[in-house]
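Enquirer:
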Amino acid sequence: MRLPILPAAALAVLLAATGCATTGNPPPVDLTGAEVAARTLENGDVVEEYRVAGQLRMVKITPLRGPAYYLYDRDGDGVLDSGDRDRLPMVYWKLFQW
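According to mature numbering (1 follows the signal peptide of the UniProt record, and there is no 0), the sequence shown holds residues -21 to -1, 1 to 77 in order.
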C-alpha cells in the first residue's frame, strides 16, 4: 500500500521535528556522581538541586506551567553564576488589546 504524498510528507516532517526535540545539550558543568534533592514549592514549582561532593553545581526549576530552566555554577566556587539571572525566561501577559 502506498501513502499519498501529502500525508507521507507530513509524517516525515513530524518525525524529523520529534527527533530534533529529543536531542538536548549536556549541562555546562560536570554532574558526575551528583546527588539530587528535589522539593515542591507552595505554588507547584519543582526545584531540583544537584550537588557534587556537597557543593551546589546546578539548580533546575520546573514551573507548574511552562518550560524548565537552569541555574549553574560554571566556575565551581559554590555560588550560582550571577550572569544566569539575565537569561531567565521573561513572561509577558496580554491583558488588553485595542
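A virtual CB, placed ideally from N, CA and C, is assigned to each residue, including glycine.
With Arg30 as the anchor, note down where its beta strand (DSSP E) starts and where it stops.
Expert: 25 to 31
Enquirer: Which of helix, strand or coil does DSSP assign to Gln34?
Expert: strand
Enquirer: Quick check on Glu14: does DSSP put it in helix, strand or coil?
Expert: strand
Enquirer: Which of helix, strand or coil does DSSP assign to Leu50?
Expert: strand
Enquirer: Apart from the five residues just before and just after Pro42, which ones in its own chain have a Cβ nearer than 6 Å to its Cβ?
Expert: The beta carbon of Pro42 sits closer than 6 Å to those of Asp24, all from its chain and outside the five residues before and after it, given in chain order.
Enquirer: Give me the Cα-Cα distance between Val15 and Met37, rounded to the nearest whole angstrom.
Expert: Cα to Cα, the separation comes out at about 10 Å.
Enquirer: In chain order, what residues of the same chain lie with their CB nearer than 6 Å to the CB of Tyr29, ignoring the 5 residues before and after it?
Expert: Leu10, Ala13, Val15, Arg36, Met37
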